[in-house]
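Colleague: First residue of the sequence shown: 53, per this note's numbering; consecutive thereafter.
No residue lacks a Cβ here, since even glycine has one placed at the ideal position from N, Cα and C.
Remember, it's a predicted structure, so these values are computed and weren't measured experimentally.
What follows is a structure written as structure tokens; I'll ask about it next.
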Amino acid sequence: MSLTLEIPGASPEEIQRGLAAAQAILDMYGVTPEQGDYSVWKVENAHEPLYSLDGEDLEPTKEDEKISVIWYRAQAAAVKACGRDPAPYEPGDDQGPLGCSHD
């Protein structure tokens, strides 16, 4: 899976800079896009009753919380690299601009 970035009005060059900035943060902490995306999903949905079909515990762990913080830092770096203010994209909001392709 690879990172995706959706920022309205950003040029393709800005998007590429943003993706590179986000990937650099993830790489610095040894977090893959898949780990980041999944951990953020678990943390942001912790208040929902979640059930796994294969018995996996969906309660976020301390590690999920740490990875989520790294993801939010990567997202802020991506938005800043596009010349935008990251403030509108706060943790806990609906899906932020940084994502992970599921192809």
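Is the region 110-120 in contact with the region 65-75, if contact means three or more CB pairs nearer than 8 Å?
Modeller: Contact annotation: the region 110-120 does not touch the region 65-75, with fewer than three C-beta pairs closer than 8 Å.
Colleague: According to DSSP, simplified to helix, strand and coil, what is Gly-88?
Modeller: For the purposes of this step, residue 88 is identified with residue 36 of the sequence shown, where counting begins at 1. Helix, per DSSP.
Colleague: Once the 5 residues before and after Glu-91 are set aside, which same chain residues still bring their CB inside 6 Å of it?
Modeller: Within the sequence shown, residue 91 is the residue found at index 39, counting from 1. At residue 91 the sequence reads Ser, which differs from the Glu that was named. Here the set comprises Asp-116, Ile-119, Ser-120.
Colleague: Whole angstroms is fine: what's the gap from Glu-96's alpha carbon to Cys-152's?
Modeller: For the purposes of this step, residue 96 is identified with residue 44 of the sequence shown, where counting begins at 1. For the purposes of this step, residue 152 is identified with residue 100 of the sequence shown, where counting begins at 1. Roughly 16 Å between the two C-alpha positions.
Colleague: On the CB-based measure, 16 or more other CB atoms within 10 Å of its CB, does Pro-149 come out buried or exposed?
Modeller: In the sequence shown, counting from the first residue as 1, residue 149 sits at position 97. Buried, because 16 or more other Cβ atoms sit within 10 Å of the Cβ of Pro-149.
Colleague: Select from Gly-135, Pro-138, Arg-125 the residue whose C-alpha is nearest the C-alpha of Pro-85.
Modeller: The count along the sequence shown starts at 1 and reaches residue 85 at position 33. Selected option, being the one with the closest Cα: Arg-125.
Colleague: On the CB-based measure, 16 or more other CB atoms within 10 Å of its CB, does Lys-114 come out buried or exposed?
Modeller: In the sequence shown, counting from the first residue as 1, residue 114 sits at position 62. Label assigned to Lys-114: exposed.
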